[in-house]
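One structure is given here, and the rest of the page talks about it.
Residue numbers (our numbering): 172 to 356.
Shown next as structure tokens:
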């Protein structure tokens with residue numbers, strides 16, 4: 172059964188031991204010890220992969236919470252969504268919201284996140300797969316007619332790339348791409 176808990180144990184990767192080369196009163200002929208690397212944070216400033224993946228999941232859930240509060244009639248409600256995005260993810264979102272607002276559409280229902288799976292935690296980016304459940308979400312035109320395609324999948328698998336950003340979680344979503352349906356089970 173898939174849930175938002177991590178499906179694998181993620182060990183601390185890349186954290187090196189702390190050491191200073193200190194020479195105590197040796198002779199001038201003794202070569203100094205090679206300097207040892209100092210401990211550094213890993214994975215985009217996080218201490219461990221696990222911490223990075225938890226922040227990535229928290230970032231996506233905060234983004235979905237902001238998305239669930241959008242009122243397409245009030246563009247001010249778009250801003251909290253934009254705060255979680257950058258790059259392609261931001262421009263795509265702005266274009267979509269602008270178009271839906273101009274068309275007088277409204278949204279009803281809430282999206283949920285039943286599953287998050289960690290993929291890659293690199294020095295500059297974190298990648299996670301998510302399943303977004305939109306089965307309760309409808310988008311309607313000014314006459315109350317749904318504009319949602321009958322072929323829309325109720326569960327939408329996505330692969331997200333997140334980078335360090337000025338948000339409460341320390342991460343920001345830079346891209347969101349469709350991924351295989353196995354992510355949603």
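Glycine included, C-beta positions come from ideal geometry on N, C-alpha and C. Just so we're clear, the structure is a prediction, and the values are computed from it rather than from any experiment.
Where residue i sits in the DSSP three-state scheme
i           : result
residue 246 : helix
residue 317 : strand
residue 225 : helix
residue 218 : coil
residue 301 : strand
residue 259 : helix
residue 236 : helix
residue 311 : strand
residue 346 : strand
residue 230 : helix
CB contact flag (residue i, residue j, <8 Å)
i           : j           : result
residue 351 : residue 328 : yes
residue 216 : residue 335 : yes
residue 255 : residue 332 : no
Beta-carbon separation (whole angstroms), residue i vs residue j, contact threshold 8 Å
i           : j           : result
residue 253 : residue 301 : In fact, because the Cβ distance is near 19 Å, the residues do not count as touching under 8 Å.
residue 299 : residue 227 : 5 Å
Q.
Suppose only complete runs of 3+ residues qualify. What are the beta strand (DSSP E) ranges in the region 264–296, listed by chain order?
A. 277–279 and 283–292
Q: Take every Cβ of the region 234–245, pair it with every Cβ of the region 271–285, and state whether three or more of those distances are shorter than 8 Å.
A: yes
Q. Does the region 219–230 touch the region 261–278, meaning 3 or more C-beta pairs lie closer than 8 Å?
A. no
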